[in-house]
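To start, the structure itself, in structure tokens.
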Amino acid sequence: MARDARSSGGLFDRLKMGLSKTHEGFVNRVERLVLRRNKVDEDLLESLEELYIQSDIGPRTTMELMDGLREAISRKEVGSPEKVLAFLRRQAAETLAGSGGSLSLPADGPAVILAVGINGSGKTTTVAKLGNRLQREGRKVILAAADTFRAAASEQLEIWGQRAGLDVIAQKPGSDPSAVVYDTIQAAQARRCDVVLIDTAGRLHTKVNLMEELKKIGRTAAKLVPGAPHETLLVLDATTGQNALAQVRLFHEALGLTGLVLAKLDGTAKGGVIIGLAREFDIPVKLIGVGEKIDDLQDFEPENFIKALFEDL
Ligand SMILES: Nc1nc2c(ncn2[C@@H]2O[C@H](COP(=O)(O)OP(=O)(O)OP(=O)(O)O)[C@@H](O)[C@H]2O)c(=O)[nH]1
Ligand SMILES: [Mg+2]
């Protein structure tokens, strides 16, 4: 996506702000822990490992990162605390490299994007933010309020829609979410919309019947637009920690995810969870939420992310 220098500067500052808790609670702690010492010993390695685990990087990824560090130490590549820090930063960058990805939407629309996830993960907000962004980029967007489970859900989407000037199609609470999707795609075709964004009800990844409902939504979309949904995005709450891994696994098994969205990164000091996600799955992180405002959604660009995460405020 093309951006001028000024807006990308603004975006970077926002990203830095959004990552400030993780910067303070993780990066600064790693720095203090390493630089407090004057040699690289077992005690340092153990403390570091503990901090990684506490920071939700995940046991498996922590082990792999620690193994990498130990090997570098035994190869005599990192002999001083300063070198350990530089190594860790490189290692984080390498782990994240290649784990981003942009939305892939067909040129002749409508493109259909399905947002799924557990209760309260940030789906509705993400749908609104993304709709707003795509519309600002010149695409005609329509939203499907397919969370028919809670009475207030479509209202919430409609409020966002009004604020951002986006059309929203809804039905009464309790209707079949697939019917809402059918209506919305038909409206999209009639109104020549470029993008249909589908907001769904939160559900536990362990509830088989609710996962079936999502599959049905996908089949309904495919009946009207072959190849739809073009994107199935799992919205994760960055503050939920290690449970995110189980969510990814089960939603992916059921639906074949095309991307992850990590919402609420600004609300956690454990943004390191993204490193574990990148390491464990081959599913790109496409978007990150760094605040509650409509433009607090960014593409996940690993290089920028690492730079913003490590740079002092
Ligand atoms: N700080 C912050 N808050 C966020 C972000 N994304 C969402 N939220 C907040 O998280 C809460 C839940 O967001 P929703 O978008 O309603 O979540 P949902 O997944 O649609 O929830 P259900 O429909 O109930 O399953 C709201 O208070 C949002 O404002 C983010 O990136 N940063
Ligand atoms: Mg919602």
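In numbering that gives the first Met the number 0, the protein residues as written are 0 to 312. The C-beta atom is built at its ideal place from N, Cα and C for all residues, glycine as well.
Considering only heavy atoms of ligand 2, does any lie closer than 8 Å to the CB of A200?
Stepping through the sequence shown from its first residue, residue 200 is reached at position 201. Checking every heavy atom of ligand 2 against the Cβ of A200, one is found closer than 8 Å.
Which runs of the beta strand (DSSP E) spanning at least 3 residues fall entirely within the region 94 to 134, listed in chain order?
Fully enclosed beta strand (DSSP E) runs of 3 or longer: 110 to 115.
Since G258 sits in a beta bridge, which residues does DSSP pair it with?
In the sequence shown, the residue the question calls residue 258 occupies position 259. Paired residues: L232.
What did DSSP end up calling Q297 once you bin it into helix, strand or coil?
Here residue 297 refers to the residue found at position 298 when the sequence shown is read from its first residue. Strand at Q297.
Can you give the Cα-Cα distance for D182 and R13, rounded to whole angstroms?
By 1-based counting over the sequence shown, the position of residue 182 is 183. By 1-based counting over the sequence shown, the position of residue 13 is 14. If you take the alpha carbons of D182 and R13, they lie about 37 Å apart.
Among the residues of its own chain, which have a CB less than 7 Å from the CB of I274, if the five just before and after it don't count?
Here residue 274 is taken as the residue at index 275 of the sequence shown, counted from 1. Taken in chain order, the residues that qualify are I56, T60, A91, T94, L95.
When DSSP labels each residue in this structure, what does I56 get in the three-state scheme?
Taking the sequence shown and counting its residues from 1, one reaches residue 56 at position 57. Coil, per DSSP.
Using CA coordinates, which residue listed in L84, G288, D166, G173 is at the minimum distance from L18?
The residue given as residue 18 occupies position 19 in the sequence shown. Among L84, G288, D166, G173, the Cα nearest to that of L18 belongs to G288.
Using beta-carbon positions only, say whether I197 and A163 come within less than 9 Å of one another.
Here residue 197 refers to the residue found at position 198 of the sequence shown. Here residue 163 refers to the residue found at position 164 of the sequence shown. No. Outside cutoff.
Give me whichever residues DSSP pairs with I197 in a beta bridge.
Residue 197 sits at position 198 when you count from the first residue of the sequence shown. Answer by DSSP bridge pairing, in chain order: L113, A143.
Less than 6 Å between C-beta atoms, sequence neighbours within five positions excluded: which residues of the same chain meet that for N118?
For the purposes of this step, residue 118 is identified with residue 119 of the sequence shown, where counting begins at 1. Excluding residues within five positions, the ones whose Cβ falls inside 6 Å are G201.
Can you look up G275 in the DSSP assignment and give me helix, strand or coil?
Within the sequence shown, residue 275 is the residue found at index 276, counting from 1. G275: helix per DSSP, three-state reduction.
What do you reckon, are the CB atoms on A187 and G130 nearer than 9 Å?
Walking along the sequence shown from the start, residue 187 turns up at place 188. Walking along the sequence shown from the start, residue 130 turns up at place 131. The answer is no: Cβ separation not under 9 Å.
Express the C-alpha separation of Q246 and V207 in angstroms, rounding to a whole number.
What you label residue 207 is simply residue 208 of the sequence shown in a count that begins at 1. What you label residue 246 is simply residue 247 of the sequence shown in a count that begins at 1. If I take the Cα positions, the gap works out to 13 Å.
For P225, count neighbouring Cβ atoms within 10 angstroms of its own Cβ and tell me buried if that reaches 16, exposed if not.
Sequence index remark: in the sequence shown, residue 225 carries index 226 (1-based). Exposed: under 16 other Cβ atoms inside 10 Å.
Rounded to whole angstroms, how far is the Cβ of L296 from the Cβ of R132, which I believe are closer than 8 Å?
By one-based count along the sequence shown, residue 296 stands at place 297. By one-based count along the sequence shown, residue 132 stands at place 133. Confirmed, about 6 Å.
Starting from V207 and walking both ways along the alpha helix (DSSP H), at which residues does that stretch end?
Here the question's residue 207 lines up with position 208 in the sequence shown. First-last of the alpha helix (DSSP H) with V207: 207 to 223.
Can you tell me whether L165 is helix, strand or coil according to DSSP?
Counting from 1 along the sequence shown, the entry for residue 165 is found at position 166. Three-state DSSP puts L165 in coil, outside helix and strand.
Output the distance between the C-alpha atoms of E157 and V167, rounded to the nearest integer angstrom.
For the purposes of this step, residue 157 is taken as residue 158 along the sequence shown, with counting starting at 1. For the purposes of this step, residue 167 is taken as residue 168 along the sequence shown, with counting starting at 1. Between E157 and V167, the C-alpha separation is close to 6 Å.
In three-state DSSP terms, what is V33?
Start at 1 with the first residue of the sequence shown, and residue 33 comes out as number 34. It is helical.
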